[in-house]
Each structure stands twice: as structure tokens, then as C-alpha cells.
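Chemist: Read in numbering that gives the first Met the number 0, the sequence shown has 315 at position 316, and its numbers run on one by one without any break.
Positions of the beta carbon are idealized from the N, C-alpha and C atoms, including for glycine.
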Amino acid sequence: MIDLEKKLFDQNWNYKKRDNIIRRLKETHYDIIIIGAGITGAGVAREAAMRGLKLAVVDMQDFAAGTSSRSSKLAHGGIRYLSHGEMDLVHESTTERNWLLAHAPTVRPVPFLFVHLKDGKYNKRTIMSAVKIYDFLGNKDTEFKIFKEYKWYKPEEVFELEPEYIREGNMGGAVYYDNNVDDARLTIETLKEAVIRGADVINYCKVNGYVKDNGKIIGIKCRDLENDNDFEIMGTLVINATGIWTDNLLESYPEEIPKPLIRPTKGVHLQYRREHVKNRMATIIRSITDDRAFFVLPRNKDFTIIGTTDTDYKEDLATPFCNKDDADYLIKSTKHYFPSAELDYDNIVSTYAGVRPLVMQKGKSESDISRKHIVFFSDDGLLTMTGGKLTAFRNMAEDLFIHIEEKNIFPDIKRKKNFSKQKYIISLEKDAWIKELKNSGVDIDEDIADHLYQQYGKGAVKILELIKGDNSLKERIIEENDFINAEIIYCLRYELTPHLIDVFCRRTEMSLWISHKKAPEAAKKVAEIIAKEYSWSEEKKNKEIETYIEDVKKTVSFIK
Numbered sequence: 000m001i002d003l004e005k006k007l008f009d010q011n012w013n014y015k016k017r018d019n020i021i022r023r024l025k026e027t028h029y030d031i032i033i034i035g036a037g038i039t040g041a042g043v044a045r046e047a048a049m050r051g052l053k054l055a056v057v058d059m060q061d062f063a064a065g066t067s068s069r070s071s072k073l074a075h076g077g078i079r080y081l082s083h084g085e086m087d088l089v090h091e092s093t094t095e096r097n098w099l100l101a102h103a104p105t106v107r108p109v110p111f112l113f114v115h116l117k118d119g120k121y122n123k124r125t126i127m128s129a130v131k132i133y134d135f136l137g138n139k140d141t142e143f144k145i146f147k148e149y150k151w152y153k154p155e156e157v158f159e160l161e162p163e164y165i166r167e168g169n170m171g172g173a174v175y176y177d178n179n180v181d182d183a184r185l186t187i188e189t190l191k192e193a194v195i196r197g198a199d200v201i202n203y204c205k206v207n208g209y210v211k212d213n214g215k216i217i218g219i220k221c222r223d224l225e226n227d228n229d230f231e232i233m234g235t236l237v238i239n240a241t242g243i244w245t246d247n248l249l250e251s252y253p254e255e256i257p258k259p260l261i262r263p264t265k266g267v268h269l270q271y272r273r274e275h276v277k278n279r280m281a282t283i284i285r286s287i288t289d290d291r292a293f294f295v296l297p298r299n300k301d302f303t304i305i306g307t308t309d310t311d312y313k314e315d316l317a318t319p320f321c322n323k324d325d326a327d328y329l330i331k332s333t334k335h336y337f338p339s340a341e342l343d344y345d346n347i348v349s350t351y352a353g354v355r356p357l358v359m360q361k362g363k364s365e366s367d368i369s370r371k372h373i374v375f376f377s378d379d380g381l382l383t384m385t386g387g388k389l390t391a392f393r394n395m396a397e398d399l400f401i402h403i404e405e406k407n408i409f410p411d412i413k414r415k416k417n418f419s420k421q422k423y424i425i426s427l428e429k430d431a432w433i434k435e436l437k438n439s440g441v442d443i444d445e446d447i448a449d450h451l452y453q454q455y456g457k458g459a460v461k462i463l464e465l466i467k468g469d470n471s472l473k474e475r476i477i478e479e480n481d482f483i484n485a486e487i488i489y490c491l492r493y494e495l496t497p498h499l500i501d502v503f504c505r506r507t508e509m510s511l512w513i514s515h516k517k518a519p520e521a522a523k524k525v526a527e528i529i530a531k532e533y534s535w536s537e538e539k540k541n542k543e544i545e546t547y548i549e550d551v552k553k554t555v556s557f558i559k
């Protein structure tokens with residue numbers, strides 16, 4: 000354990016060492032090659048590395064650049080799936096949610112208010128049954144129990160909990176618990192769990208085809224997008240964990256698998272300062288347009304996420320954005336439930352959109368499609384896993400290894416149920432953090448200290464060391480936010496971070512919580528830090544700023 004902890008900070012997973020990773024990818028024969036470094040691929044990588052397999056992971060974009068940085072930022076059981084009768088899915092997700100809260104970084108509990116409205120879709124009996132079953136499934140057959148049991152509140156008590164929530168027809172409500180999570184950081188830390196166990200993991204490396212022998216895949220053909228070099232990676236088993244790009248990687252489909260396999264749907268979120276939404280808790284609300292459920296979610300101490308939408312998507316999978324219809328859909332219903340909310344376009348802090356990799360089910364609406372994952376082998380030997388929920392990534396990876404065992408590909412690797420339900424190496428207990436902070440002698444604001452601990456675990460201790468070496472690194476990027484210079488240096492040195500946009504959108508949540516109006520100021524400041532660390536030219540620095548600001552503009556293009 001101590002050796003693994005040291006490897007977290009040995010700076011081998013660093014952009015300056017990227018050529019070393021490429022060299023190993025060219026020279027090594029791997030047990031497993033994983034295509035896709037979202038949460039699905041990351042979970043498989045962690046599982047494989049913990050079982051002692053030699054593996055490589057490649058992604059054509061940055062880590063978590065697809066769906067895994069664009070979710071509702073929840074590690075949750077999916078209470079709405081109870082109405083679809085998907086008890087197994089909810090049981091899987093709630094128990095995995097509990098494990099994540101106990102042992103993973105960036106995860107924290109959040110209370111949800113489920114209000115009974117007089118003319119609403121669900122009556123008190125239905126809501127009570129739902130939260131009771133939800134808690135029961137979360138506690139069933141697991142050592143990791145729910146954070147706190149549900150409780151029913153009378154109407155006047157609901158008004159105390161959520162003073163600005165609509166009062167007309169309010170007949171009380173239940174409070175139950177799920178978890179907030181930084182999805183991109185969870186993905187990064189999950190990949191890191193594989194890296195410290197010997198995995199070679201790289202971003203901006205596109206797969207253009209397969210190496211085959213007698214019709215069977217024995218490797219992949221890649222292009223390093225950072226240097227425009229082509230090379231091959233060889234291995235015993237290739238796994239397709241590319242999410243919304245699954246069909247692009249499939250050259251053959253088993254007879255029982257639909258073609259196309261993936262039905263992409265877009266989910267949009269709006270971010271506001273809490274003072275403008277006026278919520279205190281997470282609440283489930285239903286669209287007054289089409290009766291779909293979505294969330295109003297408190298995030299950090301100052302912000303609220305509103306979302307999500309669920310609409311079929313046929314445009315560029317890599318660049319989904321919020322449009323006016325998406326924003327108006329969410330704003331209209333949120334204003335109905337929070338009448339005093341100030342949700343003018345001008346108050347929007349940021350928006351983001353993601354595409355879900357839903358497995359095709361004919362005749363079902365976007366919201367009714369199951370979130371279950373599937374695993375299958377193609378005739379050419381490619382192993383594909385797709386679908387599923389972010390929360391269940393560990394269990395999905397474990398299920399994939401059942402399929403590997405059935406093929407006897409690695410005779411010495413046997414199924415070990417719950418083997419990977421271990422604490423993340425980077426996780427740090429709060430008491431230990433308080434002690435480290437006190438002993439460091441570093442004087443930082445309490446809100447910054449809380450932010451660093453919540454986001455980085457043991458990495459926060461390394462950030463303190465950086466500040467001790469240079470006190471200017473404790474300065475905030477933007478005065479009204481908690482992001483500081485030192486965490487930028489940390490991400491650059493320990494998390495293979497090539498570009499400015501990677502820092503804003505995946506290594507930190509700056510793209511969410513620094514207002515789009517302040518993005519140019521923040522981008523210039525962060526780019527200066529990166530330029531110094533990476534010895535960028537003035538031209539390179541300005542190009543990186545331009546790329547990020549263009550992306551920000553697209554996220555709010557509907558605001559005139």
C-alpha cells in the first residue's frame with residue numbers, strides 16, 4: 000500500500016514523460032488493451048490491474064472527455080428506475096453508490112427532497128413505498144450501508160426545508176440520500192489506480208483499425224494525435240469501452256446484437272449561483288412540458304445544477320452543446336417549482352451537454368430505455384462493454400471479467416467477487432487531512448482547504464507542499480471561486496494533462512463554476528501557469544486560450 004501511494008506522486012504519468020509511455024506502448028505485448036478512457040474503460044483498467052494483468056488504455060480525446068465529464072454529477076441508485084420495475088439495476092447502483100461514498104474520492108452525500116403535490120404524478124403512498132424500497136435495496140447484501148434513512152416531512156416542515164419551493168398543492172415530502180460526485184475526477188482517479196499498478200494509459204491517441212491474425216484481433220493501429228505518428232499496440236485481448244462511439248469500433252456484430260447498437264441521447268445541464276435558484280436541497284421536479292423528471296442539485300457551497308434533458312441526438316458525438324430550446328425547457332419548469340428563482344439567461348454561470356450511450360431498444364422513448372450494460376464478444380475476438388450507469392462502473396468491470404473467465408483467456412485469473420471494493424489509494428480521512436493541514440504551517444482560507452480535500456484526497460497534501468515552496472501558489476484563479484494556482488501545477492505534474500481545456504473541463508471543475516463571463520480572464524491566468532511549466536511559446540499559449548474560449552462561447556451561444 001505504501002509503495003502504491005508513493006507511485007501516485009512519482010511524476011511518471013506526466014505530459015513531459017508522454018514519449019516514454021508511447022515507447023512502452025510500441026514495445027510491450029499486453030494482456031489487455033482497452034479502447035476508451037471514460038469511466039467504463041477506467042473501471043475495467045482498475046479491475047484488470049488489481050488482478051495483476053498487464054494492460055494499456057488509449058483514448059482519442061482526453062480522459063473522461065465524453066459522457067464521463069458531462070453527467071449529472073451524481074453517484075446514485077436511480078430511484079426513478081423503480082417505476083420501470085428494474086429492481087436489480089437499482090440494487091446494483093445503490094450498493095455501488097454506498098461503496099463509492101465509503102472508499103472513493105470526490106464523493107459526498109446529498110439529501111434529496113421528493114415532494115407529494117396534490118395533482119402530481121405520485122401520491123404519498125407511492126412516494127413512501129419508493130423511498131422505503133430504495134433504502135432497502137441499498138442495504139441489501141452489502142457491507143456498505145446507506146448514509147442515512149429516508150424521513151417523511153409534513154407540508155409545514157417541507158416549507159422549512161425548502162422555503163422557496165412552490166406551496167400550492169404541497170402535501171409533504173420524503174427526504175432520502177444519494178451522492179454528489181465529480182465524474183471526471185472520479186474517472187481520473189480510477190485510471191490512476193491502474194497506472195500505479197503498472198498500466199500504460201494515454202490520451203489523444205486514436206484507434207484507426209485492428210491488427211489481425213487469421214481473422215482474430217491481436218492488436219490495434221493507433222495515431223498519436225499530439226505528434227501525428229502512427230504505431231501499433233499488440234495484446235492478447237482488446238476491449239471496446241468507447242461508450243457513445245461503440246458502433247464505430249465494431250466491425251462485426253453477433254446475431255443477437257442490434258445494429259446500430261447505441262441510441263445516443265443528449266442531456267443538458269444549466270449552472271447558476273444558488274442565490275438565483277434559491278434552493279437549499281436537491282429536489283426531484285417534473286417538467287411541466289412533458290412530465291419528465293429532472294433534478295435541481297446543490298453543488299459545492301455556492302452553486303446549483305439544473306438538469307437534465309433527454310432527447311435523441313444525431314449530431315457530432317464529441318461536441319454536444321446546450322441550445323435555446325434545451326435551456327428554456329429546464330428554466331420553465333424550474334421557475335414553476337421555485338417561483339422566486341431568478342433564472343434569466345444573464346444569470347447563467349455555465350452550461351454543459353453530454354451524450355448517453357443507451358443500448359438500442361425499439362419502441363421505447365429516450366427516458367424509458369434501460370440503463371443496464373451489456374457485454375459480448377464479436378467473431379473477431381473483440382470484447383465490447385457498453386451502456387450502464389456511471390455509479391455501477393466497478394460492478395460492470397467485474398461482470399466483464401466473468402465473460403473473460405468463461406473464455407478461459409487468462410487461466411490464472413479467476414473471478415473474485417467484490418475483490419475491487421477496496422479503498423482508493425488516494426483517499427484520505429478527514430481527521431488525517433486536518434492534521435496534515437495543521438502540521439504544514441500553510442495558511443489558506445477554510446473554503447479553499449475544504450475544496451482541496453474534497454477534490455484531491457492525499458493529493459491535497461501534495462498541493463500543500465507546492466504552496467510551502469511558493470506561497471504565491473495559494474492565490475485564487477478568480478477571486479470569487481476556490482480554485483488556486485497550486486492545483487493547476489498538481490494536475491500538470493501528476494495527471495498527464497496536455498491542454499488548457501483539459502485543466503478547465505476534466506482535471507478541475509473550473510469550466511462549471513467560473514462564469515463564462517470570467518472565462519477569458521481565468522484562461523489567461525491558467526495558461527500562464529501551464530506555459531511556464533511546459534515551456535510553451537507565446538503562439539502556443541495563445542492558441543490554447545483561443546481553443547478553450549471558443550468552446551466556452553459555444554456552450555452559451557444561445558445567450559444574445
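Using the DSSP secondary-structure output, state which residues sit across from Asn239 in a beta bridge.
Modeler: In DSSP, Asn239 forms a bridge with Ile34, Thr383.
Chemist: Here's a check: name, in chain order, each residue in its chain whose Cβ is nearer than 7 Å to the Cβ of Asp301, leaving out the five neighbours to either side.
Modeler: Counting only Cβ-Cβ distances below 7 Å, and skipping sequence neighbours, we find Arg272, Arg273.
Chemist: Pick out the complete beta strand (DSSP E) segments inside the segment 408-432, 3 residues or longer, and give them in chain order.
Modeler: DSSP runs (the beta strand (DSSP E)) wholly in the segment 408-432: none.
Chemist: Could you tell me the distance, in whole angstroms, from the CA atom of Thr241 to the CA atom of Lys437?
Modeler: Approximately 43 Å between the Cα atoms of the pair.
Chemist: Counting pairs of Cβ atoms below 8 Å between the segment 57-76 and the segment 189-203, do you hit three or more?
Modeler: Yes, since at least three Cβ pairs between the segment 57-76 and the segment 189-203 fall closer than 8 Å, the two stretches touch.
Chemist: Report yes or no: do the segment 129-145 and the segment 91-109 share at least 3 C-beta pairs separated by less than 8 Å?
Modeler: Because the criterion of three Cβ pairs below 8 Å is met, the segment 129-145 and the segment 91-109 touch.
Chemist: If Arg279 and Glu161 are in contact, beta carbons under 8 Å, what's the gap, nearest whole angstrom?
Modeler: 6 Å between Cβ atoms; contact.
Chemist: From Gly171, Asn226, Phe113, pick the residue whose C-alpha is nearest to that of Asp177; which is it?
Modeler: Checked all of Gly171, Asn226, Phe113; the closest Cα to Asp177 is Phe113.
Chemist: Looking at the secondary structure, which residues open and close the alpha helix (DSSP H) in which His102 lies?
Modeler: Note, His102: alpha helix (DSSP H), 86-102.
Chemist: Could you tell me if Asp134 is buried or exposed, where buried requires 16 or more neighbouring beta carbons within 10 angstroms of its beta carbon?
Modeler: It counts as buried.
Chemist: Does DSSP classify Tyr328 as helix, strand or coil?
Modeler: Here Tyr328 sits in helix by DSSP.
Chemist: For Leu381, which residues from the same chain have a beta carbon less than 6 Å from its beta carbon, with the 5 sequence-adjacent residues on both sides left out?
Modeler: Around Leu381: Ile216, Val237, Asn239.
Chemist: Within the continuous alpha helix (DSSP H) that includes Val194, where are the two ends?
Modeler: 182-194 is the extent of the alpha helix (DSSP H) around Val194.
Chemist: DSSP puts Leu116 in a beta bridge; with which residues?
Modeler: Paired residues: Asn169.
Chemist: Am I right that Ala281 and Val267 are in contact with their C-beta atoms under 8 Å? What's the rounded C-beta distance?
Modeler: 18 Å between Cβ atoms; not a contact.
Chemist: Taking Arg22 as the reference, which of Ser128, Ile33, Val210, Ile232 has the closest Cα?
Modeler: With distances taken between Cα atoms, Arg22 lies closest to Ile232.
Chemist: Need the endpoints of the alpha helix (DSSP H) that Pro297 sits in, please.
Modeler: First-last for Pro297: 292-298, but that is the beta strand (DSSP E), not the alpha helix (DSSP H).
Chemist: With distance defined between alpha-carbon atoms, name the residue in Ile195, Ala44, Ala74 nearest to Pro104.
Modeler: That would be Ala74, whose Cα lies nearest to the Cα of Pro104.
Chemist: Between the Cα of Glu91 and those of Gly458, Ser514, His372, Gln421, spot the shortest distance and give me the residue it belongs to.
Modeler: It is His372.
Chemist: Just the Cα atoms here: how many angstroms apart are Asp449 and Lys434?
Modeler: Asp449 and Lys434: Cα-Cα distance of roughly 13 Å.
Chemist: Would you mind working out which of Thr390, Ala317, Leu316, Leu342 sits nearest Tyr328, comparing C-alpha positions?
Modeler: For Tyr328, the nearest C-alpha among the options comes from Leu342.
Chemist: Can you give me the C-alpha to C-alpha distance between Arg355 and Asp325, rounded to a whole angstrom?
Modeler: Approximately 16 Å, taken between the alpha carbons.
Chemist: If you count every other CB in all the chains shown that lies within 10 Å of the CB of Thr546, and 16 or more means buried, which is it?
Modeler: It counts as exposed.
Chemist: Relative to the C-alpha of Asp227, which candidate in Thr235, Asn207, Asn213, Ser339 has its C-alpha closest?
Modeler: It is Asn207.
Chemist: Any idea if Phe503 is buried or exposed, counting beta-carbon neighbours within 10 angstroms, 16 or more meaning buried?
Modeler: Buried, since its Cβ has 16 or more Cβ neighbours within 10 Å.
Chemist: Ends of the beta strand (DSSP E) at Gly218?
Modeler: Per DSSP, Gly218 belongs to the beta strand (DSSP E) from 215-223.
Chemist: If you reduce the DSSP assignment to three classes, tell me which class Ala74 lands in.
Modeler: Ala74 falls in the strand class under three-state DSSP.
Chemist: Give the secondary structure of Ile368 by DSSP, where H, G and I count as helix, E and B as strand, and everything else as coil.
Modeler: Residue state, collapsed to three classes: coil.
Chemist: Can you give the beta carbon distance from Asp229 to Cys221, rounded, assuming they're within the 8 Å contact cut?
Modeler: Right, their Cβ atoms sit about 7 Å apart.
Chemist: Ordered along the chain, which non-local residues of its own chain (more than five positions away) have a Cβ less than 8 Å from that of Tyr203?
Modeler: Here the set comprises Asp58, Met59, Gln60, Asp61, Asp223, Leu224, Glu225, Pro497.
Chemist: Could you spell out the range, first to last residue, of the alpha helix (DSSP H) harbouring His498?
Modeler: Counting along the chain, His498 falls outside any alpha helix (DSSP H), and DSSP gives it neither H nor E.
Chemist: Look up Ser349 in the DSSP assignment and say whether it is helix, strand or coil.
Modeler: It is a strand residue.
Chemist: What are the boundary residues of the beta strand (DSSP E) that includes Ala55?
Modeler: Ala55 -> beta strand (DSSP E) spans 54-57.
Chemist: Identify every residue that forms a DSSP beta bridge with Cys204.
Modeler: DSSP lists Asp223 as partners of Cys204.
Chemist: Measure how close the beta-carbons of Ala485 and Leu511 come, nearest whole angstrom, since I'm counting them as under 8 Å.
Modeler: Not confirmed; about 20 Å, so no contact.
Chemist: Going by beta-carbon coordinates alone, are His102 and Gln421 separated by less than 8 Å?
Modeler: Taking 8 Å as the Cβ cut-off, His102 and Gln421 qualify as a contacting pair.
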